[in-house]
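A.B. asks: Using the numbering used here, read the sequence shown as starting at 696 and increasing by one per residue.
Just dropping this structure here.
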Amino acid sequence: MIARPSSPVPVPDAVALLAGRLFPARVRVAVADAAEAARLYAACRGPQYTEARQLLEARLRAANKVLAAHNPGLTVRWANIPTLITKEER
């Protein structure tokens, strides 16, 4: 199965909610967990947060495993975490 690239056109919240209701419960939980882990990972900067980042990476890997089994296009990649992209990559 080939995942389509995400489109630059914004999706209204109501449409996203309707589409989200079609996912199985385990996929909805994995989407929420991956989004939260990515958000928290971006906030954990500095050497004192090494252990926290490792735990968040484990949560993100577990969520991505469930998401990839359902649809590989749903996985969270490092490029999806905006604070981790350097100025040269933009």
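We put the CB at the ideal spot given by N, CA and C, even for glycine.
(1) Taking the C-alpha atoms as reference points, what is the distance between residue 711 and residue 718?
(2) What first and last residue would you give for the alpha helix (DSSP H) that runs through residue 755?
(3) Can you tell me whether residue 713 is buried or exposed? The criterion is at least 16 other CB atoms within 10 Å of its CB, across all chains shown.
(4) Have a look at residue 773 and residue 707 and give me their C-alpha separation to the nearest angstrom.
(5) So, with DSSP's three-state summary, where would you put residue 703?
C.D. replies: With the given structure in hand:
(1) Start at 1 with the first residue of the sequence shown, and residue 711 comes out as number 16. Start at 1 with the first residue of the sequence shown, and residue 718 comes out as number 23. When rounded, the distance between both Cα atoms is 11 Å.
(2) Indexing the sequence shown from 1 puts residue 755 at position 60. Its alpha helix (DSSP H) spans residues 745–765.
(3) As a first step, residue 713 is located in the sequence shown; it is residue number 18 there, counting from the start. When all chains shown are included, residue 713 counts as exposed.
(4) Indexing the sequence shown from 1 puts residue 773 at position 78. Indexing the sequence shown from 1 puts residue 707 at position 12. Answer to the nearest angstrom: the Cα atoms are 25 Å apart.
(5) Taking the sequence shown and counting its residues from 1, the one referred to as residue 703 is at position 8. DSSP places residue 703 in the coil class of the three-state scheme, outside both helix and strand.
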